[in-house]
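A.B. asks: So the protein sequences, as listed, match chains L and A. All residue numbers for the first sequence refer to this note's numbering, where the first residue is 1 and numbers rise by one. All residue numbers for the second sequence refer to this note's numbering, where the first residue is 1 and numbers rise by one. Backbone N, C-alpha and C fix where the C-beta goes; we use that ideal spot for every residue, glycine too. Could you have a look at this structure, given as structure tokens, before my questions?
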Amino acid sequence: MAELRKPDAEFPAYDEAFDRDGSVRPLYAAIVERFSNFDTAELRRREGIIEEEFRRQGITFTVYGDSQGTERTWPMDLFPRLIAAAEWREIERGLSQRVTALNRFLADIYTGEGAAMADGVVPAWLVQSSDGFERNAFGVSVPHDAHCVIAGIDLVRDAEGQYRVLEDNLRNPSGISYVIENRAAMTKAFPRVWEDHTVEPVSQYGRMLRTALESVAPTGSGDKPLIVILTPGIYNSAYFEHAFLAREMGVELVEGPDLVVDEHVVYLRTIEGLVPVDVIYRRIDDTFLDPVSFRPDSTLGVPGLLGAMRAGTVTVCNSIGNGVADDKAIHPYVTDLIRYYLGEQAILPNVETYVMWEPDQREAAFDRLDELVIKPVGESGGYGIVIGRDASDEELADARAEIERDPRNWVVQEVVELSTLASLCDDVLEPRHLDLRPFVITGERTQVFPGGLTRVAMRKGSLIVNSSQGGGSKDTWVLADGAHSNGASAQDAAR
Amino acid sequence: MILARHADSLLWAGRYLERADTIARCVSVETNAVMHRQATEARLASRRLVQALGLQDEFVAAQVGTGPYAVMDFLVSDDSHPGSVVSAVQAVRENLRIVRDRIPVELWEEANSLHILMQSAKSVGAAAREQTGGEVSRMSVITARRGCRSLSGVMTESMSRDEGYAFMEAGRLLERSILTVELLKSGLGTGSDVFDGNRLLAFTHSLQAAKRELGHSPGWHAVAKFLLQHEHLPRSVLWCLGRVEQRLDDLAAAAGAVATPRRRAGALRAHLEYGELDQLLAEPEAELSYLGSSLAELAGDVHASTVARSGFAEVHAQFVRPGDGTGRPR
Numbered sequence: 001m002a003e004l005r006k007p008d009a010e011f012p013a014y015d016e017a018f019d020r021d022g023s024v025r026p027l028y029a030a031i032v033e034r035f036s037n038f039d040t041a042e043l044r045r046r047e048g049i050i051e052e053e054f055r056r057q058g059i060t061f062t063v064y065g066d067s068q069g070t071e072r073t074w075p076m077d078l079f080p081r082l083i084a085a086a087e088w089r090e091i092e093r094g095l096s097q098r099v100t101a102l103n104r105f106l107a108d109i110y111t112g113e114g115a116a117m118a119d120g121v122v123p124a125w126l127v128q129s130s131d132g133f134e135r136n137a138f139g140v141s142v143p144h145d146a147h148c149v150i151a152g153i154d155l156v157r158d159a160e161g162q163y164r165v166l167e168d169n170l171r172n173p174s175g176i177s178y179v180i181e182n183r184a185a186m187t188k189a190f191p192r193v194w195e196d197h198t199v200e201p202v203s204q205y206g207r208m209l210r211t212a213l214e215s216v217a218p219t220g221s222g223d224k225p226l227i228v229i230l231t232p233g234i235y236n237s238a239y240f241e242h243a244f245l246a247r248e249m250g251v252e253l254v255e256g257p258d259l260v261v262d263e264h265v266v267y268l269r270t271i272e273g274l275v276p277v278d279v280i281y282r283r284i285d286d287t288f289l290d291p292v293s294f295r296p297d298s299t300l301g302v303p304g305l306l307g308a309m310r311a312g313t314v315t316v317c318n319s320i321g322n323g324v325a326d327d328k329a330i331h332p333y334v335t336d337l338i339r340y341y342l343g344e345q346a347i348l349p350n351v352e353t354y355v356m357w358e359p360d361q362r363e364a365a366f367d368r369l370d371e372l373v374i375k376p377v378g379e380s381g382g383y384g385i386v387i388g389r390d391a392s393d394e395e396l397a398d399a400r401a402e403i404e405r406d407p408r409n410w411v412v413q414e415v416v417e418l419s420t421l422a423s424l425c426d427d428v429l430e431p432r433h434l435d436l437r438p439f440v441i442t443g444e445r446t447q448v449f450p451g452g453l454t455r456v457a458m459r460k461g462s463l464i465v466n467s468s469q470g471g472g473s474k475d476t477w478v479l480a481d482g483a484h485s486n487g488a489s490a491q492d493a494a495r
Numbered sequence: 001m002i003l004a005r006h007a008d009s010l011l012w013a014g015r016y017l018e019r020a021d022t023i024a025r026c027v028s029v030e031t032n033a034v035m036h037r038q039a040t041e042a043r044l045a046s047r048r049l050v051q052a053l054g055l056q057d058e059f060v061a062a063q064v065g066t067g068p069y070a071v072m073d074f075l076v077s078d079d080s081h082p083g084s085v086v087s088a089v090q091a092v093r094e095n096l097r098i099v100r101d102r103i104p105v106e107l108w109e110e111a112n113s114l115h116i117l118m119q120s121a122k123s124v125g126a127a128a129r130e131q132t133g134g135e136v137s138r139m140s141v142i143t144a145r146r147g148c149r150s151l152s153g154v155m156t157e158s159m160s161r162d163e164g165y166a167f168m169e170a171g172r173l174l175e176r177s178i179l180t181v182e183l184l185k186s187g188l189g190t191g192s193d194v195f196d197g198n199r200l201l202a203f204t205h206s207l208q209a210a211k212r213e214l215g216h217s218p219g220w221h222a223v224a225k226f227l228l229q230h231e232h233l234p235r236s237v238l239w240c241l242g243r244v245e246q247r248l249d250d251l252a253a254a255a256g257a258v259a260t261p262r263r264r265a266g267a268l269r270a271h272l273e274y275g276e277l278d279q280l281l282a283e284p285e286a287e288l289s290y291l292g293s294s295l296a297e298l299a300g301d302v303h304a305s306t307v308a309r310s311g312f313a314e315v316h317a318q319f320v321r322p323g324d325g326t327g328r329p330r
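Written as structure tokens, this is what we have:
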């Protein structure tokens with residue numbers, strides 16, 4: 001039988017499957033039972049099925065700067081992550097609340113009166129100095145104020161098991177296709193695990209997103225608006241996802257040169273001639289979107305697109321300038337924004353974050369930098385992060401000097417001992433750290449897609465879960481109400 | 001509705017699919033023949049095949065060795081030039097990848113799987129491949145032929161008969177016609193004593209059908225007539241042109257730009273259908289050259305129809321065979 005290692009008793013992180021005293025949590029009873037009946041060879045065989053499945057379908061991502069060829073097969077660990085129904089309902093409410101407030105914030109900045117800044121909830125200078133703040137977005141309104149149609153909110157679980165928001169991704173969050181393909185691969189490799197659980201399906205994403213995109217079409221688009229996905233092309237790291245979403249939604253996948261703007265209307269170049277476009281789900285960054293208004297050297301974008309957005313003839317999702325609301329420096333204020341716009345307490349707390357431009361918080365942080373995590377606000381993908389307890393004195397001194405030089409550019413967070421879950425490493429199922437990126441869709445209303453992308457750090461002790469840095473993923477099951485652990489019999493379990 | 005760029009990719013996916021299939025088939029026929037031939041004679045025949053496939057420049061540039069399996073290796077596993085099976089399969093995959101969202105999932109998966117298999121053979125290395133006595137390339141040929149058949153099956157059975165299908169099928173049939181004419185040309189001037197009609201028919205996948213109608217040792221004229229004018233054989237140029245015309249008719253409602261290729265296809269079809277082929281083939285070289293260049297122009301017109309209306313500034317160049325007129329291989 002494959003060894004299923006429990007976390008060490010003194011290990012500070014919360015383990016998803018095991019209690020502090022080492023007994024299996026009821027939520028995981030059936031799945032642990034099944035997995036402990038597989039031997040290592042069997043697990044490796046099934047892992048092979050998953051890998052072959054991804055390879056055959058070309059489910060890949062690209063690591064930039066990797067000399068080893070461009071495409072890598074998507075890494076998925078075979079031990080699934082489970083979330084109980086009641087727990088999920090709470091997360092769902094929290095995410096919905098958070099994204100609603102963030103959309104209100106964006107509308108307030110770009111098409112409203114800047115009330116939150118005027119009332120001192122967030123300093124105006126902080127908003128205006130954000131890299132994501134976009135003057136071009138002023139006056140660009142979106143139906144239902146859905147500036148962020150697709151949000152990916154990164155959650156982590158602290159030592160007490162409390163879910164906390166680590167980061168908001170309101171620009172171009174990717175990963176949803178992997179959620180759906182992970183489920184498909186899991187179903188192929190473990191056809192019988194589903195007997196023990198009733199799991200919320202994930203196949204409805206295409207319909208859900210399409211409905212949301214249709215609902216933000218400009219008025220006068222008719223009842224079947226023309227929607228396209230704008231991709232940078234086949235060499236982009238997330239091209240698989242772009243093609244996947246186009247297929248799932250049944251819309252065209254286009255590149256910049258396929259679109260042309262005439263008299264503030266965006267058209268698609270087809271063999272029949274030019275066809276007007278209503279909604280563009282773009283997977284290109286703001287700065288590449290329109291060479292007339294942003295980077296003039298961009299060949300990925302569409303000249304004149306911004307003018308069309310302003311004229312209200314086309315809706316671009318997510319809208320431009322969203323980066324201001326997912327700026328790591330704005331993150332500490334989101335709890336206040338929720339209270340300000342919705343009059344509610346935040347359901348999901350933030351990871352405790354200190355802003356370096358406040359002298360008190362900065363000094364307090366400097367006293368214990370070696371216990372904290374130092375993050376540059378402008379980076380993503382896990383780059384540039386200094387983890388205090390792993391850093392040398394010299395590195396800490398450097399970080400301190402950097403912060404002093406440009407406090408706006410840094411935040412410091414409490415270390416969260418990301419929760420762990422058994423993952424197959426070196427022939428043993430061992431606890432590894434993970435996070436969760438659920439996806440929140442906003443159209444006429446805000447909906448949370450069940451589960452999300454669980455990312456796992458495959459290196460022991462590592463807290464960096466990004467796939468570009470060797471992280472893996474897990475199929476994530478939201479269990480239907482009252483449906484965990486149907487109780488598989490022992491002889492039935494090894495299937 | 002179809003994006004101009006997608007139409008272009010599907011047209012080329014169809015052309016490359018046919019090319020991969022035909023080269024693999026020719027190599028397979030040739031490999032069986034090599035075993036029963038003298039070395040010099042076998043090499044000469046292989047060179048004629050290289051010429052028929054329009055790859056003589058690439059052949060010289062690649063400095064192909066003199067071993068008995070070197071030519072086969074050049075045609076199958078050498079990805080340094082765009083005319084090999086492995087390169088054609090890669091081009092099919094790249095073109096389908098661009099339209100991945102609009103084609104059946106199975107079509108993409110078949111193309112991707114075939115590409116992965118062909119790449120693994122390529123990774124063996126030319127010298128090692130030669131050492132195996134052509135075994136690696138032989139296996140690749142079997143893989144490629146099987147893969148092309150599956151792709152073709154999925155295409156026929158699962159693709160919606162929309163504009164995308166029309167372009168992909170037109171691409172396949174045009175490429176097939178062009179290759180058939182080139183292969184016929186390669187049989188010219190070999191003298192009736194050397195001319196091997198069966199080999200030519202096997203290259204074009206028509207041997208079985210021809211045996212029933214022409215007997216066992218047909219002469220060049222009979223083979224030419226069969227491959228050019230047969231009404232019911234999907235390998236004949238006349239049949240292919242009829243289908244291309246139908247596909248262009250399908251497109252005509254949507255795309256006015258196909259008017260030119262439609263006219264040309266109709267004229268060329270009529271030339272073959274109503275022309276006295278015996279008279280035409282009195283000067284076979286001239287007739288085949290005329291057919292070859294007309295087909296190439298037709299293919300160019302279809303390609304242009306994917307861009308004309310939408311005013312693409314830049315047409316991405318794909319590997320064009322000699323005689324196709326519009327560009328040089330990348």
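1. Anything in the stretch 153-177 of chain A with a Cβ closer than 9 Å to a Cβ of chain L? List those residues in chain order, please.
2. Please report the distance separating the alpha-carbon of residue 132 of chain L from that of residue 321 of chain L.
3. Mark residue 9 of chain A as exposed unless 16 or more other C-beta atoms lie within 10 angstroms of its C-beta, in which case mark it buried.
4. Are residue 370 of chain L and residue 343 of chain L closer than 8 Å when you measure CB to CB?
5. With 16 other CB atoms within 10 Å as the buried threshold, where does residue 20 of chain L fall?
6. Within 8 Å (strictly less), CB to CB, does residue 269 of chain L reach chain A?
7. Kindly list the residues whose CB is nearer than 6 Å to the CB of residue 325 of chain L, restricted to its own chain and excluding five residues on each side of it in sequence; keep chain order.
8. Quick check on this structure: which residue in L:86, L:338, L:264, L:220 has the alpha carbon closest to the alpha carbon of residue 310 of chain L?
9. Could you spell out where the alpha helix (DSSP H) holding residue 79 of chain L opens and where it closes?
10. What are the residues of the stretch 111-123 of chain A that lie near chain L, defined by any Cβ-Cβ distance shorter than 8 Å?
11. Does residue 47 of chain L come within less than 8 Å of chain A when only Cβ atoms are used?
12. Helix, strand or coil for residue 11 of chain L? Go by DSSP, reduced to three states.
13. Starting from residue 413 of chain L and walking both ways along the beta strand (DSSP E), at which residues does that stretch end?
14. In this structure, how does DSSP classify residue 69 of chain A when only helix, strand and coil are distinguished?
15. Assuming residue 351 of chain L contacts residue 417 of chain L under a Cβ cut-off of 8 Å, what Cβ separation, rounded to an integer in Å, is found between them?
16. Does any CB atom of chain L fall closer than 8 Å to the CB of residue 5 of chain A?
17. Go ahead and pull the three-state DSSP assignment for residue 148 of chain L.
18. Which residues in chain L have a C-beta closer than 9 Å to the C-beta of residue 143 of chain A? List them in chain order.
19. How many whole angstroms separate the CB atoms of residue 478 of chain L and residue 433 of chain L, which I take to be in contact at a CB cut-off of 8 Å?
20. Taking its Cβ as the centre, do 16 or more other Cβ atoms sit within 10 Å of residue 139 of chain L, making it buried, or is it exposed?
21. Can you tell me where the alpha helix (DSSP H) with residue 198 of chain L in it begins and where it stops?
22. Who are the neighbours of residue 253 of chain L on chain A, taking C-beta pairs under 7 Å?
23. Can at least three beta-carbon pairs, one atom from the stretch 243-258 of chain L and one from the stretch 89-107 of chain A, be found at a separation below 8 Å?
24. Answer yes or no: do residue 271 of chain L and residue 2 of chain A have a C-beta to C-beta separation smaller than 8 Å?
25. In three-state terms, what does DSSP make of residue 157 of chain L?
26. Can you look up residue 309 of chain A in the DSSP assignment and give me helix, strand or coil?
27. Around the C-beta of residue 213 of chain A, are 16 or more other C-beta atoms found within 10 angstroms, so that it is buried, or is it exposed?
28. Does the distance from the CB of residue 329 of chain L to the CB of residue 377 of chain L come in under 8 Å?
29. Classify residue 32 of chain A as buried or exposed, calling it buried when 16 or more other Cβ atoms lie within 10 Å of its own Cβ.
30. Check this for me: beta carbons of residue 284 of chain L and residue 93 of chain L, under 8 Å apart or not?
31. Report yes or no: do the stretch 112-124 of chain A and the stretch 41-60 of chain A share at least 3 C-beta pairs separated by less than 8 Å?
32. Does any residue of chain L bring its CB to less than 8 Å from the CB of residue 1 of chain A?
33. Looking at the unbroken beta strand (DSSP E) that takes in residue 222 of chain A, where does it start and where does it end?
34. For residue 193 of chain A and residue 71 of chain A, what's the separation of their Cα atoms in angstroms?
35. Can you name, in chain order, every residue of its own chain whose Cβ lies under 8 Å from the Cβ of residue 84 of chain A, other than the five neighbours on each side?
36. Would you report the Cα separation of residue 5 of chain A and residue 126 of chain L, rounded to the nearest angstrom?
C.D. replies: In short, the structure shows the following:
1. 163, 167
2. Your numbering for residue 132 of chain L matches position 132 in the first sequence. Your numbering for residue 321 of chain L matches position 321 in the first sequence. Rounded to whole angstroms, residue 132 of chain L to residue 321 of chain L spans 6 Å at the Cα level.
3. Looking up residue 9 of chain A in the second sequence gives position 9. Buried: at least 16 other Cβ atoms inside 10 Å.
4. The sequence position of residue 370 of chain L within the first sequence is 370, counting from 1. The sequence position of residue 343 of chain L within the first sequence is 343, counting from 1. Going by C-beta atoms, residue 370 of chain L is not nearer than 8 Å to residue 343 of chain L.
5. One-based indexing of the first sequence puts residue 20 of chain L at position 20. With fewer than 16 Cβ atoms within 10 Å of its Cβ, residue 20 of chain L is classed as exposed.
6. Walking along the first sequence from the start, residue 269 of chain L turns up at place 269. Closer than 8 Å to some Cβ of chain A, the Cβ of residue 269 of chain L qualifies, so yes.
7. In the first sequence, residue 325 of chain L corresponds to position 325, counting from 1. 102, 105, 106, 170.
8. In the first sequence, the residue the question calls residue 310 of chain L occupies position 310. When each option's Cα is compared against that of residue 310 of chain L, the closest is L:264.
9. Working through the first sequence from its first residue, we reach residue 79 of chain L at position 79. Residue 79 of chain L -> not in any alpha helix (DSSP H); beta strand (DSSP E) instead, spanning 76-83.
10. 112, 113, 116
11. Along the first sequence, one-based indexing puts residue 47 of chain L at 47. No - not a single Cβ of chain A is within 8 Å of the one on residue 47 of chain L.
12. Looking up residue 11 of chain L in the first sequence gives position 11. Note: residue 11 of chain L maps to coil in three-state DSSP.
13. On the first sequence, position 413 is the one that residue 413 of chain L refers to. Where residue 413 of chain L is concerned, the enclosing beta strand (DSSP E) stretches over 410-414.
14. As a first step, residue 69 of chain A must be located in the second sequence, where it is residue number 69. Of the three classes helix, strand and coil, the one that applies to residue 69 of chain A here is coil, per DSSP.
15. As a position in the first sequence, residue 351 of chain L is number 351, starting the count at 1. As a position in the first sequence, residue 417 of chain L is number 417, starting the count at 1. Contact doesn't hold; Cβ gap of about 11 Å is too wide.
16. Mapped onto the second sequence, residue 5 of chain A falls at position 5. So, interface residue.
17. The residue given as residue 148 of chain L occupies position 148 in the first sequence. In this structure, residue 148 of chain L counts as coil in the three-state DSSP scheme.
18. Taking the first residue of the second sequence as 1, we reach residue 143 of chain A at position 143. Here the premise fails: no neighbours, minimum Cβ distance about 15 Å.
19. For the purposes of this step, residue 478 of chain L is taken as the residue at position 478 of the first sequence. For the purposes of this step, residue 433 of chain L is taken as the residue at position 433 of the first sequence. Their Cβ separation, rounded to whole angstroms, is 21 Å, which puts residue 478 of chain L and residue 433 of chain L out of contact at 8 Å.
20. Along the first sequence, read from residue 1 onward, the residue named residue 139 of chain L stands at position 139. With fewer than 16 other Cβ atoms within 10 Å, it is exposed.
21. Residue numbering aside, residue 198 of chain L sits at position 198 when the first sequence is read from its first letter. Taken as a continuous stretch (DSSP letters only), residue 198 of chain L belongs to no alpha helix (DSSP H), as it is neither H nor E.
22. As a first step, residue 253 of chain L must be located in the first sequence, where it is residue number 253. Those within 7 Å of residue 253 of chain L in chain A are 101.
23. yes
24. Position 271 of the first sequence holds residue 271 of chain L. Position 2 of the second sequence holds residue 2 of chain A. A contact, by the Cβ cut-off of 8 Å.
25. What you label residue 157 of chain L is simply residue 157 of the first sequence in a count that begins at 1. Strand at residue 157 of chain L.
26. By 1-based counting over the second sequence, the position of residue 309 of chain A is 309. Confidence at residue 309 of chain A is low in this model, with a pLDDT of 46, below 50, so its placement is unreliable and the value that follows should be read with caution. In this structure, residue 309 of chain A counts as coil in the three-state DSSP scheme.
27. Reading the second sequence from its first residue, position 213 is the one you call residue 213 of chain A. Flag for residue 213 of chain A reads exposed.
28. In the first sequence, residue 329 of chain L corresponds to position 329, counting from 1. In the first sequence, residue 377 of chain L corresponds to position 377, counting from 1. Yes.
29. As a working mapping, residue 32 of chain A is identified with position 32 in the second sequence. With fewer than 16 other Cβ atoms within 10 Å, it is exposed.
30. Counting from one through the first sequence, the residue named residue 284 of chain L turns up at place 284. Counting from one through the first sequence, the residue named residue 93 of chain L turns up at place 93. Result no, Cβ atoms of residue 284 of chain L and residue 93 of chain L do not sit closer than 8 Å.
31. no
32. Along the second sequence, one-based indexing puts residue 1 of chain A at 1. Yes - at least one Cβ of chain L is within 8 Å of the one on residue 1 of chain A.
33. For this step, residue 222 of chain A is matched to residue 222 along the second sequence. No beta strand (DSSP E) contains residue 222 of chain A, which is instead part of the alpha helix (DSSP H) from 220-229.
34. Walking along the second sequence from the start, residue 193 of chain A turns up at place 193. Walking along the second sequence from the start, residue 71 of chain A turns up at place 71. Any reading at residue 193 of chain A must be qualified, since the residue scores a pLDDT of 48, below 50, and its modelled position is unreliable; the value itself is stated next. Their backbone Cα atoms lie some 24 Å apart in a straight line.
35. Your numbering for residue 84 of chain A matches position 84 in the second sequence. Cβ within range, chain order: 23, 74, 75, 76, 77, 78.
36. The count along the second sequence starts at 1 and reaches residue 5 of chain A at position 5. The count along the first sequence starts at 1 and reaches residue 126 of chain L at position 126. Looking at the two C-alpha atoms, the distance is approximately 44 Å.
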